[in-house]
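J.:
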DNA sequence: CTGAAAGCGCTTACAG
DNA sequence: CTGAAAGCGCTTACAG
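This is how it looks when you write it as structure tokens:
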């Protein structure tokens, strides 16, 4: 570890006395803007500001409980998206020297009683709940002492903090992007009943609703799972029942894995991407880059969720519960244009 | 100002040596849970933790520019809601010794060029934009050096931070509350084209969509403005065209001022609240409490928006722009039950 | 508005 | 895991 930056390092870098640095950093004397700026720049450069901030948060949150169900707890990078989130969250805890205690319930739900017991036992200052759409859970824990945050989930009753990607807005933005390319007949390929998929679908519908374009009939295509092989089977089925040329010029998929399955089906049916139809994924998964052509997609900042979640837990510790409303945070996503999106075919 | 708390104060309160306090506060030695807890409690009690946190943020944000248009800048508490927000924001800047520079454009829009010039001139570290639905503005400023946050607004392109009440979720929650009271035929009284109203309407529509209940025809009632006198005139008109008993058992209003106007109209038409119909407002403004009966409403934490906005601006200064996604923060609202909501009349 | 110098408060190496 | 003590780093009262 590099030696911890001191005020003296800043004063040398900025060419002023250490006392001047101290004044600027604490607002204890009014120093000229020019010198102030120079000192602040040096303070940032040496890492002094970051160090001070880090220190201020230590001890606010010595222990955090990580609650998940077996089903939602990714054991490998097969479940790439939650894997990325979980690892970034763990790393962030390490950076802040927070002790992280996992509390994993078997099955596919977190059992409220188990979580309450674990809180009783470990007395954590914060609890992070992994993407669980289980609302009795919130009833059971929102009033307890530790601060609560849900990672990649929602709380419609707005009683606990949540952090998730802005799925709905991002899907709307994605659809708008396809509109801007000239597409008018876009299909949305979606699966399952998980909230994430619901929100992405809502964004798609909203984009049509707020545009001047009419959504074509049959534009929502449901597939069974997000596993590419299954999606390919489903889509080949769907394709065989469609007229040619296809009544859609673009497929906006609720996940990259779905998009990869769709691309395989299109290839098998002899339909060219992006010449005949465009395909747009969602998640920005590694394997998307290796498709041929490489998959256009929506980048979702899963690696930032942990950082934001811990900031929320820390902030919550600095304010009394009844003076602080729950925060629902959505993180901005962005379109990543690669090879599978283009303007619609002339005849399409 | 009280004397600044020192480590010694904590050590006395917690009955340990100052060095032990230092270890716990910096994580430099592992101290028993019991002693740790005692020290942390004392550290919080003396205000030491809060002091350290406050100090860590000084100098991150010496100057903030407050951008608004004349029309959006409340000059008195006639515009109670934004007035509350603005004052709390100013107070929060004072607490953090941030110099706040107002930049008010005439008319009802912030002019992007003016804001860019003001940024050039004052070189603020942060810019707070007051509730402006003007998206060219974001194009013009999102890439500049200072961090940007929009107060009580949205950014569908998800490029800058925003803080606003969770209008949509809150309206959905409000409607669910009326469902739970037994109401099935609820009207939503709304006005204008401002985004806030749109979101509240969306929440109302969504509550019906996600419920088992059918939304009755004519359930969206548009009034001209939110001024109670005008609303009363509009509603008397509307009431005169309705059969008795009314086809609705509850009025969910997009603002308290609207609800106050609705109540006056109902009184004039001899319809009793809450016996004949329930009325629910939105905003929790002071004058609602003085109605007869006192108005049930949705509390909107406007006074917290400034705090959250400054936290976002500060946090943005600690991370490089390209490593940090924009945050869209919505604050939780809650139902405040007073005298104007009850179960529907038996015959209703 | 800046800097030299005194001294306060915090950290840390060490003994138990 | 805790505490007494040395000394480092930061703050502040003051001169210019």
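Residue numbers (the working numbering), protein chains in the order written: chain V, 6 to 353; chain G, 6 to 353. Every residue, glycine too, gets a C-beta built ideally from N, C-alpha and C.
#1: Using a beta-carbon distance cut-off of less than 8 Å, what residues from the segment 43-71 of chain V approach chain G?
#2: Exposed or buried, residue 309 of chain G, counting other C-beta atoms within 10 Å across all chains shown (16 or more means buried)?
#3: CB residue 165 of chain G to CB residue 143 of chain G, shorter than 9 Å?
#4: So what's residue 304 of chain G in DSSP terms, helix, strand or just coil?
#5: Indicate whether residue 69 of chain V and residue 123 of chain V have their beta-carbon atoms separated by less than 9 Å.
#6: Please tell me whether residue 172 of chain G and residue 153 of chain G are closer than 9 Å, where the distance is taken between their beta carbons.
#7: Which runs of the beta strand (DSSP E), 3 residues or longer, sit entirely within the segment 294-352 of chain V?
#8: Go through its chain and collect everything with a Cβ distance to residue 62 of chain G's Cβ below 7 Å, but skip five positions before and after it.
#9: So with CB distances below 7 Å, who are the chain G contacts of residue 331 of chain V?
#10: So, under 8 Å CB-CB, residue 282 of chain G and residue 251 of chain G are touching, yes? Tell me the CB distance rounded to an integer number of Å.
#11: Enumerate in chain order the residues of its own chain whose CB-to-CB distance from residue 73 of chain G is below 6 Å, with the five nearest sequence positions on each side excluded.
#12: For the beta strand (DSSP E) that residue 170 of chain G lies in, which residues bound it at each end?
#13: Are residue 290 of chain G and residue 302 of chain G close, meaning C-beta to C-beta below 9 Å?
#14: What does residue 30 of chain V touch in chain G if you count any residue whose Cβ is under 9 Å from its own?
#15: Among the candidates V:77, V:106 and V:273, whose CA atom is the shortest distance from the CA of residue 139 of chain V?
#16: Please report the distance separating the alpha-carbon of residue 258 of chain V from that of residue 268 of chain V.
#17: Who are the neighbours of residue 77 of chain V on chain G, taking C-beta pairs under 8 Å?
#18: For my contact list, residue 299 of chain G and residue 232 of chain G are in at a C-beta cut-off of 8 Å; report their separation, rounded to the angstrom.
#19: Would you decide whether residue 104 of chain V is buried or exposed? Buried here means 16 or more other CB atoms lie within 10 Å of its CB.
#20: Look up residue 6 of chain V in the DSSP assignment and say whether it is helix, strand or coil.
#21: Under a Cβ-count criterion, where at least 16 other Cβ atoms within 10 Å of its own Cβ denotes burial, should residue 148 of chain G be classed as buried or exposed?
#22: Hey, could you find the ends of the alpha helix (DSSP H) residue 103 of chain V is sitting in?
#23: From this set, G:34, G:168, G:31 and G:185, which residue's C-alpha is nearest residue 340 of chain G's C-alpha?
#24: Of the choices G:237, G:334 and G:156, whose alpha-carbon is the least far from that of residue 90 of chain G?
#25: Does the count of Cβ pairs from the segment 216-230 of chain G and the segment 176-190 of chain G closer than 8 Å reach three?
#26: Using 10 angstroms around the beta-carbon of residue 225 of chain V, count the other beta-carbons present and answer buried if the total reaches 16, otherwise exposed.
#27: Just the Cα atoms here: how many angstroms apart are residue 322 of chain G and residue 52 of chain G?
#28: In chain order, what residues of the segment 92-113 of chain V put their CB closer than 8 Å to some CB of chain G?
#29: Counting pairs of Cβ atoms below 8 Å between the segment 234-244 of chain G and the segment 204-211 of chain G, do you hit three or more?
#30: Per DSSP, what are the beta-bridge partners of residue 72 of chain V in this structure?
#31: For residue 204 of chain V, does the three-state DSSP call read helix, strand or coil?
#32: DSSP on residue 149 of chain G, reduced to helix/strand/coil?
#33: Buried or exposed for residue 159 of chain V, please, with buried defined as at least 16 other CB atoms from any protein chain shown within 10 angstroms of its CB.
#34: Residue ranges of each beta strand (DSSP E) run of no fewer than 3 residues wholly in the segment 173-205 of chain V, ordered along the chain?
#35: Within the segment 261-292 of chain V, note down every full alpha helix (DSSP H) run reaching 4 residues or more, in order along the chain.
#36: For residue 112 of chain V, I'd like the list of residues in its chain whose CB is within less than 8 Å of its CB, leaving aside the five on either flank, ordered along the chain.
T.: If we stick to the structure as given:
#1: Listed by position, the residues of the segment 43-71 of chain V near chain G (Cβ gap below 8 Å) are 45, 48, 54, 55, 57, 58, 60, 61, 62, 63, 64, 65 and 67.
#2: Taking the second chain and counting its residues from 1, the one referred to as residue 309 of chain G is at position 304. Burial is judged here by how many other beta carbons sit within 10 angstroms of a residue's own beta carbon; residue 309 of chain G has at least 16 and is buried.
#3: Here residue 165 of chain G corresponds to residue number 160 of the second chain, with the count starting at 1. Here residue 143 of chain G corresponds to residue number 138 of the second chain, with the count starting at 1. Taking 9 Å as the Cβ cut-off, residue 165 of chain G and residue 143 of chain G qualify as a contacting pair.
#4: The count along the second chain starts at 1 and reaches residue 304 of chain G at position 299. Under the three-state reduction of DSSP, residue 304 of chain G is assigned to strand.
#5: Position 64 of the first chain, counting from 1, holds the residue named residue 69 of chain V. Position 118 of the first chain, counting from 1, holds the residue named residue 123 of chain V. No, the Cβ-Cβ distance between residue 69 of chain V and residue 123 of chain V is not below 9 Å.
#6: Taking the first residue of the second chain as position 1, residue 172 of chain G is located at position 167. Taking the first residue of the second chain as position 1, residue 153 of chain G is located at position 148. For the pair residue 172 of chain G and residue 153 of chain G, the CB atoms are not nearer than the 9 Å cut-off.
#7: Listed in chain order, the beta strand (DSSP E) elements of length 3 or more contained wholly in the segment 294-352 of chain V are 302-304, 332-336 and 339-341.
#8: As a working mapping, residue 62 of chain G is identified with position 57 in the second chain. Non-local C-beta neighbours of residue 62 of chain G in its own chain, meaning closer than 7 Å and more than five positions away in sequence, comprise 101 and 319, ordered along the chain.
#9: Translated into the one-based positions of the first chain, residue 331 of chain V becomes position 326. Those within 7 Å of residue 331 of chain V in chain G are 337.
#10: In the second chain, the residue the question calls residue 282 of chain G occupies position 277. In the second chain, the residue the question calls residue 251 of chain G occupies position 246. Approximately 6 Å separates the beta-carbon atoms of residue 282 of chain G and residue 251 of chain G; this is inside 8 Å, confirming the contact.
#11: On the second chain, residue 73 of chain G is found 68 positions in, with the first residue counted as 1. Exclusion of the five residues before and after residue 73 of chain G leaves 109 and 135 as the residues of its chain whose Cβ lies within less than 6 Å of its Cβ.
#12: Taking the second chain and counting its residues from 1, the one referred to as residue 170 of chain G is at position 165. Segment 166-170, the beta strand (DSSP E) holding residue 170 of chain G.
#13: In the second chain, residue 290 of chain G corresponds to position 285, counting from 1. In the second chain, residue 302 of chain G corresponds to position 297, counting from 1. Yes, these two residues count as a Cβ contact at 9 Å.
#14: Indexing the first chain from 1 puts residue 30 of chain V at position 25. Within chain G, the residues placing a beta-carbon under 9 Å from that of residue 30 of chain V are 60, 63 and 64, ordered along the chain.
#15: As a working mapping, residue 139 of chain V is identified with position 134 in the first chain. Comparing Cα positions, the closest option is V:77.
#16: What you label residue 258 of chain V is simply residue 253 of the first chain in a count that begins at 1. What you label residue 268 of chain V is simply residue 263 of the first chain in a count that begins at 1. When rounded, the distance between both Cα atoms is 10 Å.
#17: Sequence index remark: in the first chain, residue 77 of chain V carries index 72 (1-based). In chain order: nothing, as chain G lies at least about 23 Å away.
#18: Within the second chain, residue 299 of chain G is the residue found at index 294, counting from 1. Within the second chain, residue 232 of chain G is the residue found at index 227, counting from 1. Going by Cβ atoms, the distance from residue 299 of chain G to residue 232 of chain G rounds to 21 Å, so no, they are not a contact pair.
#19: The residue labelled residue 104 of chain V in the question sits at position 99 within the first chain. With fewer than 16 Cβ atoms within 10 Å of its Cβ, residue 104 of chain V is classed as exposed.
#20: Looking up residue 6 of chain V in the first chain gives position 1. Reliability fails at residue 6 of chain V, whose pLDDT of 41 lies under 50, so the model's placement of it is uncertain and the value that follows must be treated cautiously. The answer is coil: DSSP assigns residue 6 of chain V none of H, G, I, E or B.
#21: Residue numbering aside, residue 148 of chain G sits at position 143 when the second chain is read from its first letter. Counting Cβ neighbours within 10 Å, residue 148 of chain G comes out exposed, since fewer than 16 surround it.
#22: Sequence index remark: in the first chain, residue 103 of chain V carries index 98 (1-based). Residue 103 of chain V -> no alpha helix (DSSP H), and no H or E assigned at all.
#23: Position 335 of the second chain, counted from the first residue, corresponds to residue 340 of chain G. Nearest option by C-alpha distance: G:185.
#24: For the purposes of this step, residue 90 of chain G is taken as the residue at position 85 of the second chain. For residue 90 of chain G, the nearest C-alpha among the options comes from G:156.
#25: Touching, yes, given that three or more Cβ pairs across the two stretches are closer than 8 Å.
#26: Taking the first chain and counting its residues from 1, one reaches residue 225 of chain V at position 220. In the assembly as shown, residue 225 of chain V is an exposed residue. Its beta-carbon has fewer than 16 other beta-carbons within 10 Å.
#27: Taking the second chain and counting its residues from 1, the one referred to as residue 322 of chain G is at position 317. Taking the second chain and counting its residues from 1, the one referred to as residue 52 of chain G is at position 47. One C-alpha to the other measures close to 25 Å.
#28: Near chain G, meaning a CB-to-CB distance below 8 Å, the residues of the segment 92-113 of chain V are 102.
#29: Because the criterion of three Cβ pairs below 8 Å is not met, the segment 234-244 of chain G and the segment 204-211 of chain G do not touch.
#30: Taking the first residue of the first chain as 1, we reach residue 72 of chain V at position 67. V:108 and V:134, per the DSSP bridge assignment.
#31: Within the first chain, the letter at position 199 stands for residue 204 of chain V. DSSP places residue 204 of chain V in helix when its eight states are reduced to three.
#32: Residue 149 of chain G sits at position 144 when you count from the first residue of the second chain. Of the three classes helix, strand and coil, the one that applies to residue 149 of chain G here is coil, per DSSP.
#33: One-based indexing of the first chain puts residue 159 of chain V at position 154. Label assigned to residue 159 of chain V: buried.
#34: Whole beta strand (DSSP E) segments, 3+ residues: 191-196.
#35: Listed in chain order, the alpha helix (DSSP H) elements of length 4 or more contained wholly in the segment 261-292 of chain V are 261-273.
#36: Walking along the first chain from the start, residue 112 of chain V turns up at place 107. For residue 112 of chain V, where only same-chain residues beyond five positions count, the Cβ hits under 8 Å are 74, 75 and 76.
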